[in-house]
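Chemist:
Numbering (the numbering used here), first residue to last: -13 to 300.
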């Protein structure tokens, strides 16, 4: 059968940075923290470079078959990603010296309620990216975390209005009645203003030390949620909602605060060689978002320039 990609020459010669297949649909499995195997549907991007300017194209079907075989035979792991990239390059030995694979999926974690005995499932978008560049292997884990943010400025303004209402409702020269003040504090008349809060998003990208058997997905998500303190909840009863309100009141934060919290948390993780974080607060006050970006500051690592500010999903 004719092989045009191998036999024909390109009309215009030139090297290509990446050539391959995007959005390959495959099932994957991952080792869970409790020992069970978690399965998920994934979309995979598989690429190699084309270093020979006179060659028409690569062997795309080989990439697909390697992806299918590798992800069907064992749970996704750093070692498995490395082997897959080596397979890409061995099957394109005369054409390529760089390979990349990217696996995107939703990782489900069951989360307990804050106070009640209930629990529910939370879905975290996760992307695993491996690159083999002239024998150098790098591994990136990216994920999103949804959380709540309450504006410190709005909270201060709300407290000022409550103080002014207190001055109006209670004469300075009259003795205070404990029961009256207590009832006032529990009324809409007394608490006449509230700060604005909004659902917010943390986008996290980390480069991992490539020496772990499994991906520390839940560990790193827990680290980020622990730093932010206000991750969104699943099953919620009134006592859980009240506890969530307390957490928001105790963790007032601008997007700058959120980015610094994540920065400090990841700086302390020895598994992470570099990171990029983006805090986006979808403000209820404005029709636009408040955004802050932070990196580890590694020379030659993640950039905090224009690329770092841009939304890198999709």
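Using N, Cα and C, we set each Cβ at its ideal position, and we do this for glycine too.
Pull up the CB-CB distance for residue 250 and residue 279, whole angstroms please, since I reckon it's below 8 Å.
Modeler: With a Cβ gap of about 15 Å, residue 250 and residue 279 do not count as contacting.
Chemist: Please determine if the region 181 to 194 and the region 123 to 139 are in contact, where contact requires at least 3 C-beta pairs separated by less than 8 Å.
Modeler: Segments in contact, yes.
Chemist: Closest to residue 283 by C-alpha separation, out of 84, 264, 89, 259, would be which residue?
Modeler: Comparing Cα-Cα distances from residue 283 to each of 84, 264, 89, 259, the minimum goes to 259.
Chemist: I think residue 62 touches residue 125, with their Cβ atoms under 8 Å apart; what is that distance to the nearest whole Å?
Modeler: In fact, because the Cβ distance is near 12 Å, the residues do not count as touching under 8 Å.
Chemist: Let me know the secondary structure DSSP gives residue 56 once reduced to three states.
Modeler: Looking at residue 56 - three-state DSSP - the assignment turns out to be helix.
Chemist: What distance in whole Å lies between the Cβ atoms of residue 263 and residue 188, which are believed to be in contact at a cut-off of 8 Å?
Modeler: Going by Cβ atoms, the distance from residue 188 to residue 263 rounds to 7 Å, so yes, they are a contact pair.
Chemist: What is the DSSP secondary structure of residue 129, reduced to helix, strand or coil?
Modeler: It is a strand residue.
Chemist: Assuming residue 114 and residue 201 are in contact, meaning their beta carbons sit under 8 Å apart, how far apart are those beta carbons, in whole angstroms?
Modeler: Their Cβ separation, rounded to whole angstroms, is 7 Å, which keeps residue 114 and residue 201 in contact under 8 Å.
Chemist: Skipping 5 residues on each side, what residues in its chain have a beta carbon closer than 7 Å to that of residue 36?
Modeler: Within the same chain, residue 36 has close Cβ partners 1, 2, 5, 44, 81, 82.
Chemist: Is the beta carbon of residue 207 sitting closer than 8 Å to the one on residue 89?
Modeler: Cβ atoms of residue 207 and residue 89: not closer than 8 Å.
Chemist: Can you check whether the CB of residue 52 is closer than 8 Å to the CB of residue 84?
Modeler: Result no, Cβ atoms of residue 84 and residue 52 do not sit closer than 8 Å.
Chemist: Could you check what DSSP says for residue 288 in three-state terms: helix, strand or coil?
Modeler: In the structure shown, residue 288 sits in coil (DSSP, three-state: anything other than H, G, I, E or B).
Chemist: Once you ignore the five residues that flank residue 105 on each side, which residues in its own chain have a CB closer than 8 Å to its CB?
Modeler: Within the same chain, residue 105 has close Cβ partners 96, 97, 98, 99, 220, 221.
Chemist: Between the Cα of residue 29 and the Cα atoms of 42, 270, 91, 50, which residue gives the shortest distance?
Modeler: When only C-alpha atoms are compared, the closest one is 91.
Chemist: Using a Cβ-Cβ cutoff of less than 8 Å, which residues in the same chain neighbour residue 302 once the five nearest sequence positions on both sides are dropped?
Modeler: The question about residue 302 has no answer here: the residues shown for the chain are numbered -13 through 300.
Chemist: Measuring only the C-alpha atoms, how far is residue 254 from residue 72?
Modeler: Straight-line Cα distance between these residues: approximately 32 Å.
Chemist: Put residue 28 into one of helix, strand or coil per three-state DSSP.
Modeler: Strand at residue 28.
Chemist: So what does DSSP say about residue 116, is it helix, strand or coil?
Modeler: Reduced to three states, the DSSP call for residue 116 is strand.
Chemist: Helix or strand or just coil, what does DSSP make of residue 268?
Modeler: DSSP places residue 268 in coil when its eight states are reduced to three.
Chemist: Rounded to a whole number of angstroms, what is the C-alpha to C-alpha distance between residue 127 and residue 155?
Modeler: About 55 Å.
Chemist: Do you know offhand how far residue 235's Cα is from residue 141's?
Modeler: Near 9 Å, if we compare the C-alpha coordinates of residue 141 and residue 235.
Chemist: Does DSSP classify residue 154 as helix, strand or coil?
Modeler: Residue 154 falls in the helix class under three-state DSSP.
Chemist: According to DSSP, is residue 88 part of a helix, a strand, or is it coil?
Modeler: Reduced to three states, the DSSP call for residue 88 is strand.
Chemist: Check the DSSP bridge columns for residue 164 and list the partner residues they point to.
Modeler: DSSP, once it has assigned bridges, lists no residue as partnering residue 164.
Chemist: Go ahead and pull the three-state DSSP assignment for residue 8.
Modeler: It is a strand residue.
Chemist: Quick check on DSSP: helix, strand or coil for residue 230?
Modeler: Note: residue 230 maps to helix in three-state DSSP.
Chemist: With 16 other CB atoms within 10 Å as the buried threshold, where does residue 158 fall?
Modeler: Exposed is the call here.
Chemist: Quick one: residues in its chain with C-beta nearer than 7 Å to the C-beta of residue 275, no 5 flanking neighbours on either side, listed in chain order?
Modeler: Hits under 7 Å: 266, 267, 268, 269.
Chemist: Quick check: what's the CA-CA separation for residue 257 versus residue 66?
Modeler: Distance between the alpha carbons of residue 257 and residue 66 is about 18 Å.
Chemist: Report the rounded CA-to-CA distance for residue 139 versus residue 70, giving the unit in angstroms.
Modeler: C-alpha separation (whole angstroms): 50 Å.
Chemist: Classify residue 168: buried if its beta carbon has 16 or more other beta carbons within 10 angstroms, exposed otherwise.
Modeler: By the neighbour-count rule (16 or more Cβ atoms within 10 Å), residue 168 is not buried but exposed.
Chemist: Look up residue 74 in the DSSP assignment and say whether it is helix, strand or coil.
Modeler: Note: residue 74 maps to helix in three-state DSSP.
Chemist: Given a threshold of 16 other Cβ atoms within 10 Å of its Cβ, counted over all protein chains shown, does residue 166 qualify as buried or as exposed?
Modeler: Residue 166 comes out exposed.
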